[in-house]
Each structure stands twice: as structure tokens, then as C-alpha cells.
Amino acid sequence: MRARLRRRSGGARSEGAARRGLRALLCALALTVPMLPALAPAAGAESVTAAIRVNERAITEWEITQRMAFLKLLGQGGDLRRQAEEALIEDRLAEDAAAALGIQVSEEEIAAGMEEYVGRFNLTLDQFRDQLAAAGVAETSFRDFIAAGLAWRKVVQTRFGPRVRISDAEVDAALADPASGAAVEVRLAEIILPFAPGSEQSTRALAADLARSLRSAEDFANAAAVYSASPSRANGGQLDWLPIGRLPPDLARQVLGARPGQVLGPIELPGAVALFQFRGLREARRAPARKLALDYAVADWPLGKGESGAGLRRRLVDLVDRCHDLQAETGRAGGRFERRTEPPGRIPAPLRKALGRLDPGELALVAEEGGRARLVMLCGRKAEVSAEEREQTRQLLFARRLEALGNSYMATLKADARIIRR
Numbered sequence: 000m001r002a003r004l005r006r007r008s009g010g011a012r013s014e015g016a017a018r019r020g021l022r023a024l025l026c027a028l029a030l031t032v033p034m035l036p037a038l039a040p041a042a043g044a045e046s047v048t049a050a051i052r053v054n055e056r057a058i059t060e061w062e063i064t065q066r067m068a069f070l071k072l073l074g075q076g077g078d079l080r081r082q083a084e085e086a087l088i089e090d091r092l093a094e095d096a097a098a099a100l101g102i103q104v105s106e107e108e109i110a111a112g113m114e115e116y117v118g119r120f121n122l123t124l125d126q127f128r129d130q131l132a133a134a135g136v137a138e139t140s141f142r143d144f145i146a147a148g149l150a151w152r153k154v155v156q157t158r159f160g161p162r163v164r165i166s167d168a169e170v171d172a173a174l175a176d177p178a179s180g181a182a183v184e185v186r187l188a189e190i191i192l193p194f195a196p197g198s199e200q201s202t203r204a205l206a207a208d209l210a211r212s213l214r215s216a217e218d219f220a221n222a223a224a225v226y227s228a229s230p231s232r233a234n235g236g237q238l239d240w241l242p243i244g245r246l247p248p249d250l251a252r253q254v255l256g257a258r259p260g261q262v263l264g265p266i267e268l269p270g271a272v273a274l275f276q277f278r279g280l281r282e283a284r285r286a287p288a289r290k291l292a293l294d295y296a297v298a299d300w301p302l303g304k305g306e307s308g309a310g311l312r313r314r315l316v317d318l319v320d321r322c323h324d325l326q327a328e329t330g331r332a333g334g335r336f337e338r339r340t341e342p343p344g345r346i347p348a349p350l351r352k353a354l355g356r357l358d359p360g361e362l363a364l365v366a367e368e369g370g371r372a373r374l375v376m377l378c379g380r381k382a383e384v385s386a387e388e389r390e391q392t393r394q395l396l397f398a399r400r401l402e403a404l405g406n407s408y409m410a411t412l413k414a415d416a417r418i419i420r421r
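Going by numbering that gives the first Met the number 0, the first residue of the sequence shown is number 0, and it counts up by one from there.
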């Protein structure tokens with residue numbers, strides 16, 4: 000089974016990677032999912048003696064051995080007991096944090112989360128149940144793992160989501176970084192209800208009824224087969240993975256706050272009304288940008304009596320480290336300032352040569368003649384990318400920011416918790 004999961008998932012997955020997949024919010028990642036109380040195994044299946052207490056809540060020996068078996072199934076190595084204990088401690092803290100916020104998890108939400116999780120291994124839930132049984136892992140243990148992870152996502156989204164803002168400058172920096180070649184992809188199912196002449200009101204009413212009544216992937220697929228006008232109806236409305244940047248911004252924001260199985264809409268389209276069901280998020284590699292544009296500033300300065308261009312540059316280095324600063328100083332000196340964004344091939348050779356040696360915020364002397372000096376500053380490098388890719392990058396940065404805040408919050412909860420090991 001471990002070999003199979005490695006083949007399915009592209010390599011052995013650590014507990015941390017598996018948990019980040021459930022907790023990281025990609026994507027926005029921010030599943031608005033409640034939680035259930037931990038489910039107890041069948042009578043006689045475990046020792047009820049608490050091996051660990053977390054703020055007076057027990058973690059049993061049975062739960063630890065179950066989590067160890069689950070980690071082994073995922074191909075994790077190392078000290079499985081230590082990893083299992085730490086993971087279960089985090090689960091308890093996540094559940095407590097969710098309870099404090101009034102977060103709950105329904106049966107439908109947990110079932111959808113389980114489907115989404117096993118889909119990462121290209122397995123069905125029934126296939127994964129067989130593998131769990133063969134590894135000696137009770138399905139209730141898997142359910143608890145999913146429920147705690149979904150609850151934690153909601154905690155992070157609720158606490159931090161509203162205050163996370165990704166600036167255009169951060170998007171530019173990420174796009175210019177060759178190491179940031181990833182994008183968020185989303186999987187949706189759709190029901191498209193076209194408006195026939197005179198049917199707008201009844202079509203909108205049908206869409207509203209479906210949005211209220213559809214709860215499971217099976218329900219949505221059946222409704223798509225009956226009502227949807229899209230070719231995807233033959234596949235239960237299921238769409239392929241697509242970059243989140245291709246979605247309308249309003250829908251993309253809804254996706255980042257959705258839970259697996261949640262129905263989004265009705266959403267008005269030209270000539271139709273649509274419903275979407277959120278199935279999952281993932282990170283995918285994006286092709287590096289092929290073109291790069293340089294954002295730079297050129298300043299033409301009058302030289303003071305006895306001042307050289309090199310001396311002016313040295314003086315300005317102490318005064319300016321951004322193009323906005325250079326613009327202000329140039330204006331005060333009565334000079335001329337111009338800012339441009341161009342691909343390197345369109346930049347005059349002397350400027351291009353100087354810019355090639357600069358980092359953003361650095362200044363170079365290009366020419367000195369007739370009592371004037373010409374200076375150039377690199378403001379930044381910008382990849383020439385589409386609006387779609389910019390939105391993908393923004394959503395990825397949003398998800399990563401939430402994950403970092405969530406990790407920091409969990410560390411605080413652990414530091415403040417009363418944890419007693421038997």
C-alpha cells in the first residue's frame with residue numbers, strides 16, 4: 000500500500016505535508032468546515048487510559064497507535080510515535096479553538112472532506128477504505144483526522160482571513176522570483192441553466208431551489224445530468240482542474256472560503272444562471288515567464304559648482320533608495336525625471352548595460368556632459384504575465400500567508416496549553 004500511495008501521490012508524504020494539505024487554506028484554502036467531537040472506537044477496541052492530556056482532554060493509547068498506522072500507510076518514516084503524539088495534540092488544540100468560535104462539522108462536510116483527501120491519491124473513498132482496513136486503521140480515525148483538519152481551516156480563515164491583503168508589489172515580487180513557479184488550481188462541478196425567452200424568473204427560482212437542496216456530490220451530479228445545459232452534464236457537471244485566476248474575481252473569493260462539497264451561487268452569467276460545487280484546491284507548477292520588463296527611472300540633474308557626476312551619485316545614494324525618493328529629490332533640484340517600464344530589448348544600450356548591474360533601488364551614473372549628469376535607478380523587474388496569472392499568484396500568496404499565520408497561532412496554542420504525558 001505504501002508503494003501504491005507513493006506512486007499515486009508522486010512520492011512519500013510526510014504527516015506534515017498531509018496535514019498542510021488539509022490545513023493550509025489554498026488556497027485559499029480556507030475551508031469553512033465545522034467539526035465533530037472525536038469519535039470513539041467500538042467497545043473493547045482500545046484501552047481508555049489517557050496517554051496524554053491536553054488541557055484536561057484525553058488522548059488515548061489507541062488513538063496514538065491508530066495515527067501511527069495511518070502515518071505508516073502514507074509512507075512516513077522516522078519516529079512515528081512522536082509524530083503521532085504531536086499531531087493528535089494539535090488536533091485537540093484545533094478542536095478547542097474551533098469550539099471557542101462556535102465552529103461545527105456536519106456529516107456531509109466530513110464526507111466531502113474525505114472524498115477530497117483521497118482524491119489526491121487518485122483513489123475513490125471505497126478504495127481508500129480498503130487500504131485503511133488492510134493497514135489496521137479504523138475509518139473513525141480517518142474521520143477524526145479529517146474533521147480536525149477542516150475545523151482548523153475554519154479557525155484560521157475566521158481569525159486571519161479578513162485582514163490578509165496581498166499588494167500588487169508582493170505579486171510583482173513573486174512573479175519576478177524564479178522559485179515561485181506555482182499557481183493555485185481549483186476543481187469545480189457546474190450546473191448551467193440558460194434563460195429561455197420569458198423564463199428568467201422561473202430559471203432563477205429553480206437555481207435558488209437547487210442551491211438550497213443540493214448537499215452531496217452525488218446530488219449535484221444527478222441534478223447536473225437533469226438540468227444543466229453544459230456538455231459537462233455527461234460527467235455529472237465535473238470540470239477539469241483549472242487555474243483559479245481564470246475564474247471571475249468574485250467566484251474566486253468564494254472558492255477560497257468554501258468547504259468541499261459546498262454549492263456556490265446562483266451566479267448570473269450572460270444568458271444563463273450557474274451553480275458551482277467546490278471539489279478541491281491544489282498547487283500546480285506554472286511555466287516561468289518568458290519575458291521580463293524592467294521598471295526604471297532616468298534622472299537628468301544639474302551639477303553644482305565643482306561637483307562631478309560621480310560625486311552627485313555618491314551624495315544621492317545616501318538620500319534615496321526608491322524611485323519615488325529619486326523623483327522627489329530630482330524635482331527639488333530642478334532636474335528632469337522620467338520613469339519607464341520596458342523589455343530589455345527596447346532599452347537604449349547604455350541604460351540597459353547600467354541596469355544589468357543594478358538591484359532594485361540602486362543608482363548608476365550613465366553620462367556627464369555640459370554641467371549635467373544623467374542617472375538611472377532600477378525600480379524593479381516585472382515579468383510580463385497575463386492578468387489571469389497575476390490573479391493565480393495573488394491567491395497562492397494569500398493561501399501561503401494564511402498558512403504561516405495558522406502555523407504561528409498553533410505554536411502559540413501549544414505553548415499556552417497544559418500538556419501532560421503519562
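Glycine included, every Cβ here is placed at the ideal spot set by N, Cα and C.
Minimum C-alpha distance to residue i - residue among the options
i                : options                        : result
leucine 374      : Arg338, Val272, Ala147         : Arg338
arginine 335     : His323, Ala150, Leu357, Trp300 : Trp300
arginine 252     : Gln156, Ala168, Gly305, Arg211 : Gln156
phenylalanine 69 : Asn54, Arg128, Ile51           : Arg128
tyrosine 116     : Phe144, Ala133, Glu267, Arg417 : Phe144
glutamate 402    : Phe159, Glu60, Ala110, Met67   : Phe159
methionine 113   : Thr139, Leu174, Asp324, Glu306 : Thr139
proline 269      : Gly256, Val254, Pro247         : Pro247
glycine 305      : Ala173, Gly369, Lys352         : Gly369
glycine 405      : Val384, Lys71, Gly135, Lys153  : Lys153
leucine 205      : Ala372, Ala273, Gly303         : Ala273
aspartate 386    : Lys71, Asp167, Gly148, Lys413  : According to the sequence displayed, residue 386 carries alanine and not aspartate. Selected option, being the one with the closest Cα: Asp167.
Cβ-based burial, residue i [other Cβ within 10 Å; buried from 16]
i              : result
isoleucine 190 : buried
glutamate 62   : buried
glycine 244    : buried
proline 196    : exposed
threonine 329  : buried
arginine 421   : exposed
arginine 258   : buried
threonine 411  : exposed
valine 183     : buried
alanine 133    : exposed
glycine 303    : exposed
valine 225     : exposed
Expected contact under 8 Å - CB spacing of residue i and residue j to nearest Å
i            : j             : result
arginine 142 : arginine 91   : So it is not a contact: roughly 16 Å between Cβ atoms.
leucine 444  : arginine 186  : With the chain running from 0 to 421 in the structure shown, residue 444 is simply not present.
glycine 308  : glutamate 367 : 4 Å
alanine 296  : cysteine 378  : 6 Å
valine 319   : leucine 174   : That belief does not hold up - the Cβ atoms of valine 319 and leucine 174 are roughly 25 Å apart, past 8 Å.
Cβ shell of residue i (< 6 Å), same chain only, five flanking positions each side left out
i                 : result
proline 461       : This structure gives no information on residue 461, because the portion of the chain shown stretches from 0 to 421.
alanine 223       : Ile190, Arg232, Gly235, Gly236
arginine 400      : Val163
lysine 381        : Asp171, Ala292, Asp294
leucine 354       : Leu293, Tyr295, Leu377
leucine 325       : Ala296, Ala298, Val319, Met376
phenylalanine 219 : Ala188, Leu213, Gln276
isoleucine 419    : Arg52
threonine 340     : Ala292, Asp294
Contacts around residue i, its chain only, beta-carbon distance under 8 Å, and the 5 residues preceding and following it disregarded
i             : result
valine 316    : Leu362
isoleucine 58 : Ala49, Ala50, Ile51, Arg52, Glu84, Leu87, Ile88, Arg91
serine 227    : Glu189, Ile190, Ile191, Leu192, Gly236
leucine 250   : Leu263, Ile266, Phe275
glycine 333   : Pro301
serine 215    : Glu107, Ala110, Ala111, Gly260
glutamine 126 : Val117
leucine 396   : Ile165, Glu169, Val170, Ala173
histidine 323 : none
alanine 417   : Per the sequence presented here, residue 417 reads as arginine, with alanine not at that position. Cβ neighbours of arginine 417 beyond the five flanking positions: Arg52, Val53, Asn54, Glu55.
alanine 210   : Val262, Gly264, Pro265, Leu274
7 Å Cβ shell around residue i - same chain, five flanking residues per side excluded
i             : result
alanine 271   : Ile191, Leu192, Pro193, Phe194
alanine 207   : Pro265
glutamine 65  : Val136, Ala137, Ser140
methionine 67 : Leu79, Arg80, Ala83
aspartate 415 : none
alanine 23    : Only weak support exists for where alanine 23 lies, its pLDDT of 36 falling under 50; the coordinates are left without a value.
arginine 321  : Gly360
leucine 357   : Ala363, Leu377
Chain D contact for residue i (CB, 8 Å cutoff)
i              : result
tryptophan 300 : Any reference to chain D falls outside this structure, which holds one protein chain only.
Using a Cβ distance threshold of 8 Å, determine whether the segment 270 to 281 contacts the segment 334 to 353, with at least three qualifying pairs required. Counting C-beta pairs closer than 8 Å gives fewer than three between the segment 270 to 281 and the segment 334 to 353, which falls short of the contact rule.
Using 8 Å as the cut-off, can you tell me whether the segment 78 to 92 makes contact with the segment 110 to 130, which would need three or more C-beta pairs spanning the two stretches below that distance? no
Report yes or no: do the segment 95 to 102 and the segment 261 to 279 share at least 3 C-beta pairs separated by less than 8 Å? No: the two stretches stay apart, fewer than three of their Cβ pairs being nearer than 8 Å.
With a cut-off of 8 Å, do at least 3 Cβ pairs link the segment 387 to 395 to the segment 70 to 79? With the cut-off at 8 Å, the segment 387 to 395 and the segment 70 to 79 do not touch.
At least three beta-carbon pairs within less than 8 Å, the segment 359 to 372 to the segment 312 to 332: Taking 8 Å as the limit for Cβ pairs, the verdict is that the segment 312 to 332 does touch the segment 359 to 372.
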